[in-house]
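Engineer: Protein chains in written order, with the working numbering: chain A, 1 to 113; chain B, 114 to 231.
Idealized CB from N, CA, C, for every residue including glycine.
Quantities reported herein were computed from a predicted structural model and do not represent experimental measurements.
Okay, handing you the structure first.
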Amino acid sequence: DTEVTQTPKHLVMGMTNKKSLKCEQHMGHRAMYWYKQKAKKPPELMFVYSYEKLSINESVPSRFSPECPNSSLLNLHLHALQPEDSALYLCASSQVVRRRWAFFGQGTRLTVV
Amino acid sequence: AQTVTQSQPEMSVQEAETVTLSCTYDTSENNYYLFWYKQPPSRQMILVIRQEAYKQQNATENRFSVNFQKAAKSFSLKISDSQLGDTAMYFCAFTSIITQGGSEKLVFGKGTKLTVNP
Numbered sequence: 001d002t003e004v005t006q007t008p009k010h011l012v013m014g015m016t017n018k019k020s021l022k023c024e025q026h027m028g029h030r031a032m033y034w035y036k037q038k039a040k041k042p043p044e045l046m047f048v049y050s051y052e053k054l055s056i057n058e059s060v061p062s063r064f065s066p067e068c069p070n071s072s073l074l075n076l077h078l079h080a081l082q083p084e085d086s087a088l089y090l091c092a093s094s095q096v097v098r099r100r101w102a103f104f105g106q107g108t109r110l111t112v113v
Numbered sequence: 114a115q116t117v118t119q120s121q122p123e124m125s126v127q128e129a130e131t132v133t134l135s136c137t138y139d140t141s142e143n144n145y146y147l148f149w150y151k152q153p154p155s156r157q158m159i160l161v162i163r164q165e166a167y168k169q170q171n172a173t174e175n176r177f178s179v180n181f182q183k184a185a186k187s188f189s190l191k192i193s194d195s196q197l198g199d200t201a202m203y204f205c206a207f208t209s210i211i212t213q214g215g216s217e218k219l220v221f222g223k224g225t226k227l228t229v230n231p
């Protein structure tokens with residue numbers, strides 16, 4: 001199994017809603033990542049978890065709240081988002097070994113209305 | 114800070130022909146990895162090929178090969194016998210170590226949109 005599975009594939013939410021994005025992998029990877037990608041732009045790193053602990057927060061607003069409940073799952077909780085937060089949210093995972101490559105999921109297309 | 118530059122926003126090629134995508138990078142590190150990722154309209158980022166900086170031999174994966182020039186900090190991707198399924202956005206990427214926990218941070222270029230025409 002070399003897949004990173006993200007759900008849902010599409011999400012439309014209002015600015016007062018609370019929603020969550022889910023990411024799952026069964027490759028035994030102990031590093032998991034959230035990236036944000038705006039249209040026609042490269043992905044930008046948001047959060048990194050290493051061994052289920054938050055390793056890096058790239059100065060992401062608190063309306064985005066990550067969670068790593070176990071080594072296979074990564075969630076991104078969303079609350080009080082703004083229309084400019086509309087983007088493709090990509091999850092990735094990798095081995096916690098120096099200079100290994102990341103596997104990406106298909107992403108969740110988020111629209112904030 | 115590490116940066117990755119892709120100077121060709123868009124390119125097109127005829128099916129079965131060869132095309133080369135350019136990438137330059139800047140880093141003060143001596144050991145690092147470079148990658149080319151492909152993102153088709155399906156949105157998934159797919160690893161195409163990777164190069165370890167300490168290896169002089171250029172990486173090859175079937176129809177994909179790289180020209181890695183470490184001194185010039187250049188990492189171009191050559192696609193031979195282009196196929197319609199190669200149509201995608203191609204991102205050049207560089208690994209930057211996140212010191213805590215040893216996990217990686219990928220630094221991406223802005224991408225090159227490649228269209229393969231029938």
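For Lys-53(A) and Trp-34(A), I'd like the C-alpha separation in whole angstroms.
Structural biologist: On the first sequence, position 53 is the one that residue 53(A) refers to. On the first sequence, position 34 is the one that residue 34(A) refers to. Straight-line measurement puts the Cα of Trp-34(A) at about 14 Å from the Cα of Lys-53(A).
Engineer: So which of Met-46(A), Lys-41(A) and Cys-68(A) has the shortest CA-CA distance to Cys-23(A)?
Structural biologist: Residue numbering aside, residue 23(A) sits at position 23 when the first sequence is read from its first letter. Ranking the options by Cα distance to Cys-23(A), first place goes to Cys-68(A).
Engineer: Taking the C-alpha atoms as reference points, what is the distance between Arg-99(A) and Gln-196(B)?
Structural biologist: On the first sequence, position 99 is the one that residue 99(A) refers to. On the second sequence, position 83 is the one that residue 196(B) refers to. Residue confidence for Arg-99(A) is low, a pLDDT of 49 falling below 50, so the modelled location carries little weight; the figure read from the coordinates is stated next. Those two C-alpha atoms are separated by around 30 Å.
Engineer: Is it buried or exposed for Gln-169(B), if we count other Cβ within 10 angstroms and need 16 for buried?
Structural biologist: Here the question's residue 169(B) lines up with position 56 in the second sequence. Result: exposed.
Engineer: Roughly how far, in whole angstroms, is the beta-carbon of Leu-134(B) from the beta-carbon of Ser-189(B), given that I think they are within contact range, below 8 Å?
Structural biologist: One-based indexing of the second sequence puts residue 134(B) at position 21. One-based indexing of the second sequence puts residue 189(B) at position 76. The Cβ separation is near 6 Å, so the contact holds.
Engineer: Hey, how far is the Cα of Ser-155(B) from the Cα of Arg-176(B)?
Structural biologist: Taking the second sequence and counting its residues from 1, the one referred to as residue 155(B) is at position 42. Taking the second sequence and counting its residues from 1, the one referred to as residue 176(B) is at position 63. If I take the Cα positions, the gap works out to 21 Å.
Engineer: Where does Glu-81(A) fall in DSSP's three states?
Structural biologist: Taking the first sequence and counting its residues from 1, one reaches residue 81(A) at position 81. For the record, residue 81(A) in the displayed sequence is Leu; it is not Glu. Leu-81(A): coil per DSSP, three-state reduction.
Engineer: What separation, rounded to the nearest whole angstrom, lies between the Cα atoms of Ala-184(B) and Thr-111(A)?
Structural biologist: Numbered from its first residue, the second sequence carries residue 184(B) at position 71. Numbered from its first residue, the first sequence carries residue 111(A) at position 111. Each residue's alpha carbon lies about 44 Å from the other.
Engineer: For Pro-43(A), would you say it is in contact with chain B, using Cβ-to-Cβ distances shorter than 8 Å as the test?
Structural biologist: In the first sequence, residue 43(A) corresponds to position 43, counting from 1. Closer than 8 Å to some Cβ of chain B, the Cβ of Pro-43(A) qualifies, so yes.
Engineer: Using CA atoms only, rank isn't needed, just tell me which of Tyr-145(B), Gln-152(B), Ser-120(B) and Phe-148(B) is closest to Met-202(B).
Structural biologist: By one-based count along the second sequence, residue 202(B) stands at place 89. Nearest option by C-alpha distance: Gln-152(B).
Engineer: Do you know how far the Cα of Leu-219(B) is from the Cα of Tyr-145(B)?
Structural biologist: Within the second sequence, the letter at position 32 stands for residue 145(B). Within the second sequence, the letter at position 106 stands for residue 219(B). Cα-Cα distance, rounded: 11 Å.
Engineer: Quick one: is Ser-155(B) near chain A, going by C-beta distance under 8 Å?
Structural biologist: For this step, residue 155(B) is matched to residue 42 along the second sequence. Yes, because at least one Cβ of chain A sits closer than 8 Å to the Cβ of Ser-155(B).
Engineer: Which of helix, strand or coil does DSSP assign to Asp-139(B)?
Structural biologist: Reading the second sequence from its first residue, position 26 is the one you call residue 139(B). Reduced to three states, the DSSP call for Asp-139(B) is strand.
Engineer: Measuring alpha carbon to alpha carbon, tell me which of Thr-118(B), Val-132(B) and Glu-174(B) ends up nearest Gln-164(B).
Structural biologist: As a first step, residue 164(B) must be located in the second sequence, where it is residue number 51. The shortest Cα separation from Gln-164(B) among Thr-118(B), Val-132(B) and Glu-174(B) belongs to Glu-174(B).
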